[in-house]
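K.L.:
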Amino acid sequence: MKKIYAKPEYCMACRLCEIACFVKHSKSKKIIKAFREERGEFQARIIVEQSGPVSFALQCRHCEDAGCIEACLTGAMTRNPDGAVVCDENKCVGCWSCIMVCPYGVINHDRRRKKIAAKCDLCPDKNTPACVEACPNEALVYE
Amino acid sequence: MCGIIGIINLDRRRFSGELIAKGLSHLKDRGNGLGSGYAGYGIYPDNPDDWCFHIFFTSEDARLKTEQRLDAAFKVTKKEPLPVKPMTSVKRPPLIWRYFLKIPAIRPTSTGSAEEREKKYIFALVMEINSSGEGAFVASSGKNMGIFKGVGFPDEMAEFYRLDEYRATAWTAHNRFPTNTPGWWGGAHPFGLAELSLVHNGEISSFGINKRYLESFGYHLALQTDSEAILYLFDFLTRIHRLPLEIAAVALTPPHWEIIDCLPPDEKKLYTALRMIYASCLINGPSALVLGFDSGMMGLNDRIKLRPLVAAESKSFAYISSEESGIVAVAREKLKKIRHPAAGEPVIFKYRPTKNQIKPVTNRDGSKTGGHQS
Amino acid sequence: MRHKQNLVEFKIIRDRERCIQCEVCARQCAFEAHIFDADAREMESVDALCAGCQRCVSLCPTRALTVIKNPQEFRPDSYWTKNVLQGIYKQADTGGVLLSGMGTDKIYKSYWDRILLDASQVTNPSIDPLREPMELRTYLGAKPEKIELRSVGKTRKPRLAVKLAPQLRLETPIMFSAMSYGAISYNTITALARAAAKSGTFWNTGEGGFPKALYEYAPHTIVQVASGRFGVHSGYLNAASAVEIKIGQGAKPGIGGHLPGEKVSRLISETRMIPEGSDAISPAPHHDIYSIEDLAQLIGALKEATRYEKPISVKIAAVHNAAAIASGIVRAGADIVAIDGFRGGTGAAPTRIRDNVGIPIELALASVDERLRKEGIRHRASIVAGGGIRNSADVVKAIALGADAVYIATSALVAVGCHMCQKCYTGKCNWGIATQNDYLVKRLNPDIASERLSNLLKAWSREIKEMLGGMGIDAIESLRGNRLRLRAVDMTDTEMTILGIKPAGESL
Amino acid sequence: MNKKIKNRRHKSLKHSGGGRIGKPGESSVKYLIVGAGPAAIAAIEAIRKRDKRGAITIVSSEKEVFYSRPLISYLLADDIGEENLFYRGEDFISANAPLRIIAGAPASSINPRDKTAAIAYGRVLKWEKLIIASGGVPIVPPAILGAKNLRTFTTIEDARRLDADIKSGAKRAVVVGGGFIGLKCAEALVKRGVSVTLVELAMHVLPSLLDDVSAGIFQKNLERHGVSVRTLSSVEKIYDGGKKLKLSGGEVIETDIIISAVGVRPNVSFLEGSLIRMGKGVIVGDDMRSSADGVFAAGDAADVPEFFSGARRAVPIWPVARQTGAIAGENAAGGAARAAGALTMNSIEVFGLAVISAGSVNPSPDSGTAFLDGAAVETADGLADLPDGTPRYKKLVFDGGGRLAGFIMLGDVERAGIYTELIKNRASVAAFKRDLAGDSFGFICVGEENWKKRIMPLEV
């Protein structure tokens, strides 16, 4: 299964990946409209971690032993055939048990339509995830 | 595309100029009547040891001035106008004289064998006359050989120079379609310098660097033509750098790196070194030539064979020409091997050692015949 | 605070419609020209701090930014121009020497742009690069004037009798010129090294020493011995493929170099063998070369130190007496003469020197090539021309004028992101090239940069092959020094004579 | 045995058609699992990983199987429909065949020696391996035991009854117990227009999850949404069948329904006399084996080794049910898996205010856990409210050895899982203690040696 990996030695913490992820999961999918209308309504599903010059972008690792799948009360959090851990937004009731156990803290709550757990879905409709595409320095790779 | 043809009698028996004239006229449509010419080896059996200069003069005055120079530099054994047959179709021919010259004892200032010193002397004189701007041009300057050329069709030149009266052991000929330089008697092929004569069909795009390289060694290219440059390159490599003809051919038309890289180590070093050292001798662009010299004749194509060249042999003759038709037209005996040499592959024909000479005879050009070819 | 004169060079224009306050520009600008005002939730910018490096413009996700030369003009004066006045303001402010990076940007005649190439029409056909191999392979080093042969075995096969001097083998006649580790970042030299290796050519360490971790690229590395002797030790000399004595640099002929102490990190101090944090000053002259025979001695010493296995190059700036100097250098035993034209770049040089000292590479190259040929020693050294080579046409013209190969550096930097803001000496290069700042060096990813550099070389090489084919030439040997294939436009007779080329319109 | 009694097909388990419903005379099976909740599901999945063919039978007292009990509050609140409750559906049964479900038939007794199990309607099943995953049953305080309007809130049936009460006009409700179930029930009732009074015995609601400060904020939010909260109080007496009740403080409240939500105890009454070692639930080791051979227990019904002390006690939370169920299943199928200690952790959002807390949040000498001596507590009060005004509170509890032992995050539960992981890994957090309490704690703070290998491409 292809996963997104980060290369801290090239991540310059410009946060363009966060912007791209935000736009990709916005209603309008247009950067200016998304920021103007939906900023603060929800968060990108990727976080740039930074400590001094060291930085990297972090999103769901689609773990083999995914604690979030175990902790999910509704069965919304499952692993699809190609191995990606995805949250079925119809089933999710927003109980945040997944947030309680995710060791990377890469699940956040999206309260726009209804409360759902929002996590990296590897942009299934794109052959390269939006964050990887947006990184100007190839500090994110999808392999 | 010019027509070129060379015929050599492998047994070193002389044959009439008619044969080469017939061959060249067969390639008539390769020229536009602005230049053709012949070079004959062994045509002056009576003066085998004299250097024979054929010189064009634009005026009587130019002749007299040049002759003063010749008298100072040589012992002139004979001087006479070249026998020609005035023709209406041959317009305003220059004054053409020939001189049989002996080189006075030269103080051994420069190194090398006596023969090399003589050639050096001749080289210096030819360069001097050709670059003097006195209106004199040395068409040929070899021993027991001569070049008959000018502005006109092949048959006109043959008739004008009464070629049928000459008999040579080897002839080369060229019918010209001048492109770069204007049609001018001196500009016709063959080009001659001491024993070498060259007929060339092609346009070399590397002329600029070949010229600058030669000039840095004292060559003076009066006519600014590719052929003149190629002739001098051969002279430079074989005479000054004493390289065997096959190596000189590699220097001028080296194989591609992708081929050199696959050669066995020793050969690879050699070819790499040749391309490095003689980079400025590389002739680029379409080219097919026949080089005449005292002991034989060589045909060579450019390094990607952008011009045709054919070689053939029969019992006692060998032929090299830009077209097979020229050879077939003149071949008296059954042609054995007809082949098209590959790009940069020299075809060299040398006189066979004659049967009645037991010990090897040193040819005038220092090479030996009859014995084991060193 | 004392009023600062009109020194605002650039103007930052922000399109409020497009700006989404994402702060990318603020995070990317090392000159801190962009600030986010939290409570007003607005992005603001300070024109005076802007260096015009376009980093924010190119990374802004909504293309909301435009950075232009400050349109606010001075009183129009064709003699006391804006640059002149600003130079005086700055010096009146600081009393210091004006510094700039890159090559001179003043309006001097470019000879490359006035030289035209020949092509085959009818009489001599072009050679089709798609069908015939076009050979750019070049050997840099001393060649004998004559080949020495010996015959071998029964068949008397000819073989090389004498071993040739060491050569550098280039698959394309383009090399990366000297840029030291310290002036530029570790990632940048890694990218240069990788690209050189991938493209079968060479990169030059410059006077910054050769980091051990890059020794794997040694077969494609030329190391420099400059007046500062930074990082020079026997391992350094023997690891590389060639050693280049740096006498001068096109951007600052006659003067030394100065790498400020704060840029000398631990790794740089290790590589240069100087204390960490100390200023790395390379003195103007080599203090052991005060006349030409001292150079001969140094060349000899370097040859001894490398057991005569490496070509020794000598790099000079293109100055008035370049031809005679080059002749001296060749006679001193150099295998390669590198000439750096006055358009050549630098990390830091006094602006006045960068803009007024040195001569164009085209003229220097032509005169050096001609002089060496006249003295019959052209074969004893290869000529490498550098300083302001911008594209493959410049390369072809340089080779036709007589160069064996060219050095490029500014073009290489531009390929990996440089935007010529000329502020390299500040160490705040937002593109991660001319900097040692931990935050900034990451911005140049050697994987991307090396690919971009090898793309550049590949592109230029293909273009050179096209141009050669057009001239009916299929091997670089026939272009080198072939000035007949060049023509001049808009040049004086003297210039054409120096360049050894005819005016356009004149045939053979 | 009475042939006619056939298991009534219950309409609610829309997907229960598959699998053979218990036929009389079927007497022996390889794996018998009592219970159909998360522990049972995890056990089935674990068994099938090792034993594709061994027959499994599920015995469940409830008619609905494989549904998620915590979701009944969302059902009652009309947020979701009944079909959303089902955690596993139709395909789960066929995917794990042979799997037989005997629903609505509570187990009545277990004979570990003969490896038999008696279930309702007198049927007896022989088993090789038995997994007790019967979950928990609600505790009802004696004072309200007799009330006619008494309700509990653990099963789908309970939700349906409350739904019926509301539909038949119930306007007032008293929820006894301020724990997880009580609060979610109260929230659902309020959403349905019922006015609720919450009675909590302890100092504050969610006594084991919150501390006084966070509970204060939490209770203020409850009151703001119309729930009147009575702490340190209990129901003393009920009058006319529960219509009126008197609290310990003397206050008398009229109500339409009383909901007992004071807690849950393991549903293990059917094990009396089985001689299996019991605490509150079936005492098991970290391999989920009970004292009887071949008998395992998991989920709310088991007393499992607790994370900090290793003491056996009930840790009735969903993730523990999944983990212990999986271990029980694996070991029943011949594995030798060992469970990590069960760590108490909860995530609850009531009236828009989210709380996540894990581990030990109220360390006190008498909390009986030796490790806590020298525990340090750090509360990050003064955290700015969230943009939408939600108050924020963060409390961290460190054990004596520089490790994180517990935390409470109220209002902003962002990235709580990193803290949970730190507790689980017993990681030393001394190096980044200050960041932990701060606002921008991130995964990077756990130190390069930890994050590097997780995010970098595999150095091939």
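Residue numbers (the numbering used here), protein chains in the order written: chain B, -6 to 136; chain F, 48 to 421; chain U, 571 to 1078; chain C, 1342 to 1801.
Backbone N, C-alpha and C fix where the C-beta goes; we use that ideal spot for every residue, glycine too.
Values in this document were obtained by computation on a predicted structure and should not be read as measured data.
How would you call Ser1435/C, buried or exposed, if buried means at least 16 neighbouring beta carbons within 10 angstroms?
P.N.:
Answer is exposed; the Cβ neighbour count stays below 16.
K.L.:
Provide the residue span of the beta strand (DSSP E) that contains Ala358/F, from first to last.
P.N.:
357 to 360 is the extent of the beta strand (DSSP E) around Ala358/F.
K.L.:
Is Tyr709/U buried or exposed, if buried means 16 or more other CB atoms sit within 10 Å of its CB?
P.N.:
Buried, since its Cβ has 16 or more Cβ neighbours within 10 Å.
K.L.:
Closest to Ile589/U by C-alpha separation, out of Thr636/U, Glu940/U, Ala731/U, Ala968/U, would be which residue?
P.N.:
Looking at the sequence itself, residue 589/U is Cys, so the reference to Ile does not match. Ranking Thr636/U, Glu940/U, Ala731/U, Ala968/U by Cα distance to Cys589/U puts Thr636/U first.
K.L.:
State yes or no: is the beta carbon of Lys713/U nearer than 8 Å to at least one beta carbon in chain F?
P.N.:
So yes, Lys713/U belongs to the interface.
K.L.:
Just mark His303/F as buried or exposed, buried being the case when its beta carbon has 16 or more other beta carbons within 10 Å.
P.N.:
Classification of His303/F: buried, given that the 10 Å Cβ count is 16 or more.
K.L.:
With distances taken between CB atoms, is the gap from Lys1512/C to Gly1445/C smaller than 8 Å?
P.N.:
Against a cut-off of 8 Å, the Cβ pair of Gly1445/C and Lys1512/C comes out as no contact.
K.L.:
Using a Cβ cut-off of 8 Å (strictly closer), state whether Met323/F contacts chain U.
P.N.:
Cβ-Cβ to chain U under 8 Å: yes for Met323/F.
K.L.:
According to DSSP, is Pro703/U part of a helix, a strand, or is it coil?
P.N.:
Looking at Pro703/U - three-state DSSP - the assignment turns out to be coil, as it is neither helix nor strand.
K.L.:
When you check each C-beta in the region 988 to 1013 of chain U against every C-beta of chain E, which residues fall closer than 7 Å?
P.N.:
Among the chains of the structure shown, chain E does not appear; the protein chains present are B, F, U and C.
K.L.:
Pick helix, strand or coil for Tyr266/F, following the three-state DSSP scheme.
P.N.:
In the structure shown, Tyr266/F sits in coil (DSSP, three-state: anything other than H, G, I, E or B).
K.L.:
Classify Arg586/U: buried if its beta carbon has 16 or more other beta carbons within 10 angstroms, exposed otherwise.
P.N.:
Exposed, because fewer than 16 other Cβ atoms sit within 10 Å of the Cβ of Arg586/U.
K.L.:
Considering just the uninterrupted stretch of the beta strand (DSSP E) at Ser187/F, what are its terminal residues?
P.N.:
It spans 183 to 190 - the beta strand (DSSP E) in which Ser187/F sits, taken as one unbroken run.
K.L.:
Return the CA-CA distance between Val1535/C and Tyr1372/C, expressed in angstroms with no decimal places.
P.N.:
Each residue's alpha carbon lies about 45 Å from the other.
K.L.:
Please report the straight-line C-alpha distance between Pro1365/C and Ser1401/C, rounded to a whole angstrom.
P.N.:
The predicted position of Pro1365/C is uncertain, since its pLDDT is 49 and thus under 50; a value taken from the coordinates is nonetheless stated next. Their backbone Cα atoms lie some 17 Å apart in a straight line.
K.L.:
Quick one: list the residues of chain B neighbouring Arg588/U, beta-carbon separation under 8 Å, in chain order.
P.N.:
In chain order: Ile25.
K.L.:
With a cut-off of 8 Å on the beta carbons, I'd call Leu148/F and Trp98/F a contact; round off their distance for me.
P.N.:
Contact holds; Cβ gap of about 5 Å.
K.L.:
Where does the unbroken beta strand (DSSP E) through Gly1002/U begin, and where does it stop?
P.N.:
Here Gly1002/U belongs to no beta strand (DSSP E), and DSSP marks it neither H nor E.
K.L.:
Please state whether DSSP places Glu1789/C in a helix, a strand or coil.
P.N.:
Glu1789/C falls in the helix class under three-state DSSP.
K.L.:
Using the DSSP secondary-structure output, state which residues sit across from Trp98/F in a beta bridge.
P.N.:
Its beta-bridge partners are Leu148/F, Lys190/F.
K.L.:
Just to confirm, is the Cβ distance from Leu669/U to Pro845/U under 8 Å?
P.N.:
No, Cβ-Cβ distance for Leu669/U and Pro845/U is not below 8 Å.
K.L.:
Using a C-beta to C-beta distance shorter than 8 Å, which residues of chain B count as neighbours of Arg1795/C?
P.N.:
By Cβ distance, chain B contributes Arg54, Tyr97.
K.L.:
Taking DSSP as the reference, what is the three-state secondary structure of Pro920/U?
P.N.:
Strand.
K.L.:
Helix, strand or coil: which one does DSSP assign to Gln52/B?
P.N.:
Three-state DSSP puts Gln52/B in coil, outside helix and strand.
K.L.:
Do the region 980 to 994 of chain U and the region 943 to 952 of chain U touch if we need at least three Cβ pairs shorter than 8 Å?
P.N.:
Taking 8 Å as the limit for Cβ pairs, the verdict is that the region 943 to 952 of chain U does not touch the region 980 to 994 of chain U.
K.L.:
Looking only at its own chain, which residues have a Cβ that is under 7 Å from the Cβ of Glu602/U, when we skip the five neighbours before and after it?
P.N.:
If we look at Glu602/U and ignore the five residues flanking it on each side, its Cβ neighbours are Leu619.
K.L.:
Within 10 angstroms of the Cβ of Ser1077/U, are there 16 or more other Cβ atoms? Answer buried if so, exposed if not.
P.N.:
Ser1077/U should be labelled exposed.
K.L.:
Ends of the alpha helix (DSSP H) at Lys84/B?
P.N.:
Neither: Lys84/B is in no alpha helix (DSSP H) and is coded neither H nor E.
K.L.:
Any idea if Lys556/U is buried or exposed, counting beta-carbon neighbours within 10 angstroms, 16 or more meaning buried?
P.N.:
Residue coverage of chain U in this structure runs from 571 to 1078, which leaves residue 556/U outside it and unanswerable.
K.L.:
Count the other CB atoms, across all protein chains shown, that sit within 10 Å of the CB of Gly1651/C; report buried if there are 16 or more and exposed otherwise.
P.N.:
Its Cβ having fewer than 16 others within 10 Å, Gly1651/C is exposed.
K.L.:
Of the choices Gly346/F, Leu292/F, Asp202/F, Ile176/F, whose alpha-carbon is the least far from that of Lys132/F?
P.N.:
The shortest C-alpha separation from Lys132/F is found at Asp202/F.
K.L.:
Using three-state DSSP, classify Arg1057/U as helix, strand or coil.
P.N.:
The answer is strand: DSSP assigns Arg1057/U an E or B state.
K.L.:
For Met745/U, list the residues DSSP reports as bridge partners.
P.N.:
The partner list for Met745/U (beta bridge, DSSP) reads Tyr977/U.
K.L.:
Classify Ile1421/C as helix, strand or coil using the three-state DSSP reduction.
P.N.:
DSSP places Ile1421/C in coil when its eight states are reduced to three.
K.L.:
Taking the straight line between their C-alpha atoms, what separation do you get for Gly78/F and Pro714/U?
P.N.:
So the two alpha carbons sit approximately 42 Å from each other.
K.L.:
Could you check which residue in Ile1442/C, Gly1730/C, Thr1761/C, Gly1670/C has the C-alpha nearest to that of Glu1386/C?
P.N.:
Minimum Cα distance to Glu1386/C is reached at Gly1670/C.
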